[in-house]
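According to mature numbering (1 follows the signal peptide of the UniProt record, and there is no 0), the stretch in the sequence shown is residues -18 to -1, 1 to 431, in order.
Just so you know, even glycine gets a beta-carbon here, dropped at the ideal spot from N, CA and C.
Values in this document were obtained by computation on a predicted structure and should not be read as measured data.
Presented below is the structure to which this report refers.
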Amino acid sequence: MHMSRLALLAIPAVVAFSSTPESMVTVKGITTDCDGSQCFNRLHPSIPMAAMAEPDQVILFDTPQATSDYKNTSCTSCNFDFERNTKHIRTLHQLAGPVGIAGAVAGDKIAITILDIEAKTQGWNHAAPNLGMLSDMVTAGTFNWWMPKGPNPAKPDCWVSELFPDVEIPYNPFPGIVTVLPNMEIVQRVKEREITVLEAGGTAQPAGSGTMGLTGDMPSAFPSSVCGEGGSDPENCLRTIAPDVYYGNEDSQRITVGNTLVIECFVDGCGIGIGDVHGAQGDGEVSITAIEMEALVKVKVKLIKPDDPMYHLPSPTTLGASLNPLHSSPFVSFHGFGDKPEPIPDFAGEANFPWPIQQHITFGEVMNNMTFVADNLQMSGRNALIKCIKFLHDVLDYSFNQGLILASVAVDLRVAQVVDKPQASMEAYLPLDIFTGEAKAKMMAAVGM
């Protein structure tokens, strides 16, 4: 399917819920400057509540995208431009909230049930250098729009894209971030961890009001009264990049409509924030972006006191009525092990294959001269993913970045086994029912179906 830019511009910018009960609490995170709004992008116990809700009251989170800069739908095939976006990307993640729960105190737990998710806009994702699971291999950025297809763009049947004319990605929304505010003990532990990782040669974003190494004059840490320059405690404001005991940026597909997250409160009121909503994602989010979108997320929160039987659940825990089956349609699964891969000639000049591979993980230089990494799911998953991207190139003539972008929204990384020493094995699972037309015919022929 090829869509004209006029068709892209016809997508409604905002789609509201059919009804908004007066009893519902609504918080809205705007998409440029969080100050003065119900929006925050750092984690600290002193961040004030944007609103209060009673237990079991419906709360509507009107959430921004992960970043605030992708509004121009005429940019349907432009490359990801760091310089163009430096004033915005450093503000990630902008979250709606925090919402306090009346009667909740530190040490209580809450159960957050996702009631409904509606898309407000089209979605996007990208591949970019120094980001994602193959961060050292991407040589140039590629940006991609995903457009809703179906009679209701708020809940589309699937996502389609000019970059992938014979691909339809099912709409499977969930918030990439659901968080509560941490206490100061957690803040100090995470802050020290990020510093240790950086010193060891790994990748981390330390606490503070810093700009992720980007330039520009736009404030980046919100609320500025606590986390901005001149705020009350900017150096102890955690970034939202890495998840932790407060859940945060876990990017799990299981936090979807009908399912429940049980999590401990670390401050009175808990302070719930939601954002980084995805319209679809493969397990792993391997390019570092899923189908990113603005969204309306309805939740209901149960307060769990220590005498409640649910209090026995460890924090965080996800509860669900059912789990999507492995897959009822044809698939191909690529297996990865702990050996460092050789360069792949087909991607010469398009993707870096340094030898030895520079690992963007906590091991730093220790791994540089190793040809095999024992018990390492990161290396095994990487190898499985590379095989998948190579297959997409061979069968459909996808570029390296195309393969990575598609994998990030459709391919599930799964553990095969962790007990057969010294190998820990991973699989990259690609469903074949996302392909249509000529692409489907080629894929089915390639797998002998």
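C-alpha gap between residue i and residue j, whole angstroms
i, j, result
"Gly210", "Asn365", "41 Å"
"Asp376", "Phe382", "11 Å"
"His75", "Ile168", "19 Å"
"Gly105", "Pro135", "11 Å"
"Ala(-6)", "Lys102", "Note that Ala(-6) scores a pLDDT of 33, beneath 50, so its modelled location is shaky and nothing firm can be said."
"Leu(-10)", "Glu144", "Bear in mind that a pLDDT of 30 at Leu(-10), under 50, signals an unreliable position, so the model cannot answer this."
"Met115", "Tyr229", "20 Å"
"Gly89", "Thr95", "19 Å"
"Glu420", "Met292", "51 Å"
"Thr8", "Ile41", "6 Å"
"His342", "Pro80", "Residue confidence is low: His342 scores 47 on pLDDT, short of 50, so the model does not pin down where it sits. No coordinate-derived value is stated."
"Ser(-15)", "Gln384", "Unreliable placement is indicated for Ser(-15), whose pLDDT of 34 sits below 50; the coordinate value is still reported in the next sentence. Computed Cα separation, rounded: 20 Å."
"Arg221", "Val259", "17 Å"
"Pro155", "Gly261", "4 Å"
"Asn23", "Val397", "32 Å"
"Met34", "Val268", "36 Å"
"Ser19", "Pro288", "34 Å"
"Asp199", "Thr73", "Residue confidence is low: Asp199 scores 48 on pLDDT, short of 50, so the model does not pin down where it sits. No coordinate-derived value is stated."
"Pro152", "Pro164", "34 Å"
"Leu97", "Ala122", "39 Å"
"Ser362", "Ala109", "21 Å"
"Leu378", "Asp415", "15 Å"
"Glu36", "Val227", "24 Å"
"Ser1", "Asp233", "For Ser1, the predicted structure reports a pLDDT of 40, less than 50, and the residue's modelled location is therefore unreliable. A value from the coordinates is still provided. Roughly 28 Å separates the two Cα atoms."
"Ile286", "Val429", "50 Å"
"Gln170", "Asp38", "32 Å"
"Leu295", "Asp265", "24 Å"
Residue i - partner residues in DSSP beta bridges
i, result
"Asp98", "Lys280"
"Ser202", "Paired residues: none, contrary to the question."
"Phe316", "Ala410"
"Gln399", "Ser407"
"Asp321", "Phe354"
"Glu246", "Lys91"
Nearest neighbour of residue i, chosen from the options [CA to CA]
i, options, result
"Val249", "Pro133, Cys21 and Pro27", "Pro27"
"Val244", "Ser143, Asn165, Gly430 and Ala93", "Ala93"
"Met31", "Thr45, Gln384, Glu420 and Ala84", "Ala84"
"Ala189", "Leu374, Ser207, Asp215 and Ala182", "Asp215"
"Lys322", "Pro225, Thr353 and Asp233", "Thr353"
"Asn107", "Pro80, Ile223, Asp265 and Glu274", "Glu274"
"Met6", "Val283, Thr121, Gln47 and Glu409", "Val283"
"Ser315", "Pro413, Ala182 and Gln235", "Pro413"
"Lys369", "Thr49, Phe329 and Pro130", "Phe329"
"Asp118", "Ile270, Pro404, Ala33 and Val160", "Ile270"
"Pro138", "Pro296, Pro111, Phe125 and Glu100", "Glu100"
"Asp357", "Gln405, Gly184 and Gly363", "Gln405"
"Thr418", "Asp290, Pro205, Trp141 and Ala122", "Trp141"
"Leu359", "Tyr380, Lys372, Val400 and Glu176", "Val400"
"Trp128", "Phe146, Asn112 and Pro111", "Phe146"
"Thr49", "Pro37, Cys16 and Pro130", "Cys16"
"residue 475", "Pro296, Ala86 and Phe313", "The chain is shown from -18 up to 431; residue 475 falls before or after that span and cannot be answered."
Residue span of the alpha helix (DSSP H) that contains residue i, given as start and end
i, result
"Ser362", "Leu359 to Leu378"
"Asn383", "Phe382 to Ala392"
"Lys422", "Gly419 to Ala428"
Host beta strand (DSSP E) of residue i (start-end)
i, result
"Val172", "Looking at the DSSP string, Val172 is not in any beta strand (DSSP E); the run it does join, the alpha helix (DSSP H), is Met166 to Glu181."
"Ala109", "Gly105 to Ala109"
"Thr126", "The residue you asked about is not Thr; residue 126 is Asn in the sequence shown. Per DSSP, Asn126 belongs to the beta strand (DSSP E) from Thr124 to Lys131."
"residue 436", "Any question about residue 436 goes unanswered here, given that the chain covers just -18 to 431."
"Ala86", "Here Ala86 belongs to no beta strand (DSSP E), and DSSP marks it neither H nor E."
"Ile159", "Phe156 to Thr161"
"Ile41", "Val40 to Thr45"
9 Å Cβ cutoff, residue i in contact with chain D
i, result
"Gln170", "Reference to chain D is not applicable here, since this structure consists of a single protein chain."
Test item: CB-CB of residue i and residue j under 9 Å
i, j, result
"Gly82", "Gly253", "yes"
"Cys247", "Leu25", "no"
"Ala389", "Val149", "no"
"Glu409", "Leu395", "yes"
"Gly318", "Leu367", "yes"
"Ile256", "Thr45", "yes"
"Gln187", "Ile223", "yes"
"Phe125", "Val281", "no"
"Gly183", "Asn241", "no"
"Gln263", "Ala272", "yes"
"Asp178", "Leu77", "This sequence places Thr at residue 178; Asp is not what is there. Not closer than 9 Å, so no."
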